[in-house]
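A.B. asks: One point on numbering: in the numbering used here, the residue at position 141 of the sequence shown is 141, and numbering is uninterrupted.
Don't be surprised by glycine CBs; every beta carbon is placed ideally from N, CA and C.
Note that the coordinates shown come from a computational prediction; the quantities given were computed from them, not determined experimentally.
Submitted below is the structure of interest, expressed as C-alpha cells.
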Amino acid sequence: MPIKKSYLSLLFWLCIAGAGSGLVALAGLYLYLSPKLPPVDSLRQVQLQTPLRVYSSDGKLIGEFGEQRRTPVSFDDIPKLYIQALLSAEDAEFYDHSGVSIKGLLRAASQLLKTGGIQSGGSTLTMQLARDFFLSRDQVFSRKFNEILLALQIENELSKEEILALFSNKMFFGNRAYGIHAAAQIYYGKDIDELEIQQWAMIVGVLKAPSAYNPLANIERATIRRNWILGRMLELGYIDQAAYEVAVNTPDNASYHGATLDLYAPYVAELARREAIDRFGAEAYTAGYKVYTTINSEYQAAAQKAVVDGLITYDWRHGYRGPEAQWGEPPEDRDEWIDALQDINVLGDLQPAVVLSLEERSAEVLLGSGETATLEWEQGLSSARRYLNENARTGSPDSAGDVLSVGDVIRLRRNGEQWQLRQLPAAQATLVSLDPENGGVLALVGGFDFRMSNFNRALQAARQPGSSFKPFVYTAALKNGFTPATIVNDSPVVIEDASLEGAWRPENDGGTFLGPTRLREALYRSRNLVSIRVLRSIGLPSLLDTLDQFGFDRDELPRNLSLALGSHALTPMNLARGYTVLANGGFRVAPYMVQRIEDDEGNLVHQARPATVCRDCEPVNENEEEPVSLIADVYANEPEQPAEANEPARLAPEQPAQLSLLDVEEGREAVVEPPPIAPRVLDEQTAFIIDSMLRDVIARGTGRRARVLDRADIAGKTGTTNGPRDAWFAGYNPEVVTVAWLGFDNNTPLGRGEYGGTAALPIWIDYMRVALAGRPDHPAPQPEGIVTVRIDPENGRRARPGDPDAVFEIFRAEDVPPYDDNGGNGNTRDHQLPEELF
C-alpha cells in the first residue's frame, strides 16, 4: 500500500511539473511571439484592395481596372442567408467562442502528434481572418500559435458583426472575386440581395478551395460541396426540409459575368485609366479610386451608335467582301459550331453566325446563342453586290446562293424583329464632342470597336483636315480687312513654291471655277482657289498668328500656301478644340476629360479646374497660359498609326499631369476655387461674322444635309482630302462642338462620290440629333458694332434702294461698303487688297 501511494504521489507531482513546464513554455512562447504581432486595431483602418472604377458625369460605370474585383459592403447589408450558410460550413459555434474552438484545436493537435504536421486547420472564422490579414498559409506550429493569439486579440477588440463584415469583404472566392458582392456579380451577375439559398451555399463552398470547389471549373465537385452545406443548414435549423429539397434539386446556373458596365465607352475608360496611373502609379489599381469623367452617358451612347451606323452604311454601299471564314458542312453535333461562334467577339453590334442551309431567296443561320434564324431576301441578301474595288461592285444577286454558301461565317445585325446581313467594316471612323464653355469632353469614340483596335483615332490619328480647316483661314481674313462681301476671283492659279517641289496647280472639286465670288459664297461652296488667294493676300505670318490664338501649335504648321487647303495633319481632338473658339464667341479653352477623382471613402483627391468662358468677367490676356489637360498629351509619344488589333495599349511615359488640380491635404478640408477664366482670342464682331458664314454652309452649302435637324443655330464645315482619303465634318451650336472623321487607317482612297458631306456628316447628324434634343435654338447674340445692309451680290457693294437682286449681309459698322458707283470688291479697305484677288 505505501508503495502504491508512493507511485501515485510521484505521478501526481510529475503531472504538476509537466503542466507547469507546459505553462511556462506557453508563457515563454507568448512573451516571444506577442511583441511581434501586429496591432489588431489596424484591422479597422485596413484598406481592402478595390479596383479602379471610371464613371460618366452622371454616375454610370464605364470601366473597371485591377486584378481584384471587390465592392465592400457593411454588415447591415449582408444577407442573412449568406451568414447562415457561412456559419454552417465554416464555424457553427462562431457566436459561442472567443476566437478559438477547443474541439478544432484538439483535432489539429491530434494530427500534429500523429503526422508531425497540421493537416486541417481547426480554424474558426476569426482565426481565418487573422491568417488572411496578417499571416502566411504555411502549416507550421508557430503560425498556428500566432493565429490563435491574433484571434483572441481580434475577438477582444472587435465585435462579432465587425468580424463577419471584414471576413465577408476580405476573403477570396475565386475568379478575381474578393468579397461576397464581387462573388455574387461574377458567378451569377446579381446583387447580393437577389441570390437564393443554393446560390449562397455554392459561393460559400468556394472558400474551402477556390480552385477545386469553383462551379466554373468543376461543377460536380462544387455541387457536392454545396449540397453538404445545405445539409448542415438543415441540421442546424436554418432551413426546413422543404427548402432543403428544393435547393439541392435546383441545378446551378453559375456562369462567368465580367464587370457589369452601365455604359460602353472603352476608349474613354482607357484614357481615364492612363490618367489615374500617371497620378497615382500602380496604387490606382488597388486603392479604390473612383474617376468621374465629363462624359454625358446619353451623348456617349448616341456617339457610339452613330459611328457604328455610319461605318456600316459606308461599308455596305461599297459591296460585300464575302465571309469571314468557311467551316464546311454542318457537324452532327451543332454544339461544336455554337462553341466556336461563342469564341468570336461581337464587334460593334454585329453578331457572328454560320450558314446552315440555303433556299432560293433565304438562308437559315445559327448564332452563338444556339438560336437559329432565317435571313430573308430583303434583309441584306438582295443588296449584297460583291466588292471589286472602292469604285466598283458586281451586279445584283439573283439568289441566296449567289451571296452565301453553307458553312460561311458571316455577320448579322438586328433590324427590328429580323436579322440583316452585314460585315465588319474595313474603314474606321471617330467622333469627339466638346463643351465649348470649358473644353469638357461630352462624348468620344476612337473607332468602330475597341476590341477590334484599341488605337484611339480621336487623339492619335493625325490626318489632313482638308476644307474643314478653311474657317480658320477665313477668320484670319476677316481680321485683316476682308468682309463676307469681299469679291475674290475663283479662277486657276499656278504657284511656284520650292517647299511644294515646283509648280503647284490647285483645283476645285469637279474642276470648275466660278469667277469673281463673294467670300461668304466661297466658304459655303468650299472654293479652293479663293482660299489660296486669300492666304496669299493676308500672308502666312498673319495666318500663323491667328492659328496660334486658336490653340494650334505654330511650330508644327507648314510654311506654304497648301495650309489654306488643310494640308497640315491634325487629330480630330485638335480640330475640335479649334472649333470651340468659333462656337463660344472667341474664347480659347482646352479639352479635358477627368472631372474629379475620389478615394475609396468618397474623399475628393482631385478636382479639375478648366479655363472657363466668362463673358462678363475682366478680360484675360490671350497670351496667358491656361490649364492644359492631360488628354492633350496622353498619347504624345505614341506612333500615329493603329496598333494591331490584338496588341495591348502602350502606356506613354509617366509624367506629371498638367491640369491644375486640388489636392486634399491631410487634416484640411477641400475648398473648390472658381475656375480660371478662359482668355478671349477673337473679338466679338469677327466671331459673330465667321459664325454667320458657317451657318450658311448648313443652310445652302456642302453641309446642307444637316438641315434635317431643323435648327437655325448649327454651323460647320465639311472636309475632304485628295483621293478622296479623308472625310470630315466639324460643326457646332453654341453648346456642343462635334467633329466626325471617316477613312482608312492605311490612308487608301474611300471611293468616288465619298466626301465629308456623304461619309462623315451623317455620323455628325445622328449624334447631334441626340445631343441637341430638347435644347431650344440658341443663335449667337449680335454684338455691338455689327450692322446689316443690302448689297449687290455681283460686286459686294451696297445696293441702291429698289434693287430686286439685292441680298442682306452683315458688316462691322466701319466696314460697310459704299454704293455701287465705280465698281469695287465689297470692302471699304480695297487699297489693302492686291489686284490678284479680283
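In the DSSP assignment, what are the bridge partners of Pro-352?
C.D. replies: Paired residue(s): Arg-411.
A.B. asks: Applying the criterion that 16 or more other CB atoms from any shown protein chain within 10 Å of the CB defines a buried residue, is Arg-273 buried or exposed?
C.D. replies: Buried, since its Cβ has 16 or more Cβ neighbours within 10 Å.
A.B. asks: Here's a check: name, in chain order, each residue in its chain whose Cβ is nearer than 8 angstroms to the Cβ of Leu-26, leaving out the five neighbours to either side.
C.D. replies: Bear in mind that a pLDDT of 41 at Leu-26, under 50, signals an unreliable position, so the number given afterwards is only what the model happens to contain. Answer for Leu-26: no residue qualifies.
A.B. asks: State the beta-bridge partners of Thr-428 as determined by DSSP.
C.D. replies: Here residue 428 turns out to be Gln, not Thr, going by the sequence shown. According to DSSP, which records beta bridges pairwise, Gln-428 is partnered with Gly-743.
A.B. asks: Taking the DSSP output, what are the residues bridged to His-606?
C.D. replies: Ile-597.
A.B. asks: Given a cut-off of 8 angstroms, decide if Phe-513 and Asp-490 are closer than it, judged by their beta-carbon atoms.
C.D. replies: The answer is yes: Cβ separation under 8 angstroms.
A.B. asks: Can you find at least 3 beta carbon pairs, one from the region 553-569 and one from the region 404-420, that sit closer than 8 angstroms?
C.D. replies: As far as the Cβ criterion goes, the region 553-569 does not touch the region 404-420, which means the pair count is below three.
A.B. asks: On the DSSP letters alone, give me the boundaries of the beta strand (DSSP E) that Thr-864 sits inside.
C.D. replies: Residue 864 falls outside the range modelled here, since the chain spans only 1 to 838, and no answer is possible.
A.B. asks: For the region 805-816 against the region 765-777, do three or more pairs of beta-carbon atoms, one drawn from each stretch, fall closer than 8 angstroms, so that the two count as touching?
C.D. replies: Flag = no, the region 805-816 and the region 765-777 do not touch.
A.B. asks: Give a yes or no on contact between the region 588-602 and the region 274-291, applying the rule of three or more CB pairs nearer than 8 angstroms.
C.D. replies: The region 588-602 vs the region 274-291: in contact.
A.B. asks: Per the DSSP calculation, Arg-422 is bridged to which residue(s)?
C.D. replies: BP columns for Arg-422 point to Arg-411.
A.B. asks: Using the Cα positions of Arg-800 and Tyr-819, report the straight-line distance between them to the nearest angstrom.
C.D. replies: Approximately 7 angstroms between the Cα atoms of the pair.
A.B. asks: Identify whether Asp-839 lies in helix, strand or coil by the three-state DSSP scheme.
C.D. replies: With the chain running from 1 to 838 in the structure shown, residue 839 is simply not present.
A.B. asks: Any contact between the region 211-225 and the region 174-189? By contact I mean 3 or more CB pairs, one from each, below 8 angstroms.
C.D. replies: Segments in contact, yes.
A.B. asks: Within the same chain, show all residues whose beta-carbon is closer than 7 angstroms to that of Ala-254, passing over the 5 residues directly before and after it, in chain order.
C.D. replies: Here the set comprises Tyr-187, Tyr-188, Met-202, Pro-215 and Leu-216.
A.B. asks: Can you list the beta strand (DSSP E) stretches of 3 or more residues lying completely in the region 47-114, in chain order?
C.D. replies: The region 47-114 contains these whole beta strand (DSSP E) runs: 52-55 and 61-65.
A.B. asks: Can you look up Tyr-474 in the DSSP assignment and give me helix, strand or coil?
C.D. replies: Correct three-state label for Tyr-474: helix.
A.B. asks: Could you check the C-alpha separation between Thr-702 and Tyr-524 for me, to the nearest Å?
C.D. replies: The straight-line gap from Cα to Cα measures roughly 6 angstroms.
A.B. asks: Taking the CB atoms as reference points, tell me whether Ile-538 and Ala-476 lie closer together than 8 angstroms.
C.D. replies: Closer than 8 angstroms, so yes.
A.B. asks: Relative to the C-alpha of Asp-548, which residue among Glu-507, Val-681, Lys-470 and Val-530 is closest?
C.D. replies: Selected option, being the one with the closest Cα: Val-681.
A.B. asks: For Leu-356, which of Ala-269, Asp-343, Arg-334 and Leu-347 has the nearest alpha-carbon?
C.D. replies: Checked all of Ala-269, Asp-343, Arg-334 and Leu-347; the closest Cα to Leu-356 is Arg-334.
A.B. asks: Since Arg-463 contacts Ala-569 with CB under 8 angstroms, what's their CB separation in whole angstroms?
C.D. replies: Rounded, the Cβ-Cβ distance is 6 angstroms, consistent with contact.
A.B. asks: Nearest to Phe-167 by alpha carbon, out of Ile-197, Ser-383, Ile-83 and Arg-615?
C.D. replies: Of Ile-197, Ser-383, Ile-83 and Arg-615, the residue nearest in Cα terms is Ile-83.
A.B. asks: Would you mind stating whether Phe-469 and Gly-258 have Cβ atoms separated by less than 8 angstroms?
C.D. replies: No; because the gap between Cβ atoms is not below 8 angstroms, this pair is not in contact.
A.B. asks: For Ala-92, which residues from the same chain have a beta carbon less than 8 angstroms from its beta carbon, with the 5 sequence-adjacent residues on both sides left out?
C.D. replies: If we look at Ala-92 and ignore the five residues flanking it on each side, its Cβ neighbours are Arg-232 and Leu-236.
A.B. asks: Could you give the DSSP three-state label for Asn-389: helix, strand or coil?
C.D. replies: In this structure, Asn-389 counts as strand in the three-state DSSP scheme.
A.B. asks: Which runs of the alpha helix (DSSP H) fall wholly inside the region 195-232 and span at least 4 residues, in chain order?
C.D. replies: Those alpha helix (DSSP H) runs which fall completely within the region 195-232 and span 4+ residues are 197-206.
A.B. asks: Among the candidates Ala-222, Glu-507 and Gly-753, whose CA atom is the shortest distance from the CA of Val-493?
C.D. replies: Minimum Cα distance to Val-493 is reached at Glu-507.
A.B. asks: Which word fits Ile-224, buried or exposed, when buried means at least 16 other C-beta atoms lie within 10 angstroms of its C-beta?
C.D. replies: The residue in question, Ile-224, is exposed, as its Cβ has fewer than 16 Cβ neighbours within 10 Å.
A.B. asks: What does the alpha-carbon distance come out to for the pair Ala-165 and Thr-313?
C.D. replies: C-alpha separation (whole angstroms): 53 angstroms.
A.B. asks: Do the region 418-432 and the region 373-392 meet, that is, are 3 or more Cβ pairs less than 8 angstroms apart?
C.D. replies: Taking 8 angstroms as the limit for Cβ pairs, the verdict is that the region 373-392 does touch the region 418-432.
A.B. asks: Hey, how far is the Cα of Glu-162 from the Cα of Phe-75?
C.D. replies: Those two C-alpha atoms are separated by around 7 angstroms.
A.B. asks: Any contact of the region 748-766 with the region 783-792, i.e. 3+ C-beta pairs under 8 angstroms?
C.D. replies: No, because fewer than three Cβ pairs between the region 748-766 and the region 783-792 fall closer than 8 angstroms, the two stretches do not touch.
A.B. asks: Three-state secondary structure (DSSP) at Phe-173?
C.D. replies: Phe-173: coil per DSSP, three-state reduction.
A.B. asks: With H, G and I counted as helix, E and B as strand and the rest as coil, what does DSSP make of Gln-326?
C.D. replies: In this structure, Gln-326 counts as strand in the three-state DSSP scheme.
A.B. asks: Buried or exposed: where does Arg-451 fall if 16 or more other Cβ atoms within 10 Å of its Cβ makes it buried?
C.D. replies: So Arg-451 counts as exposed.
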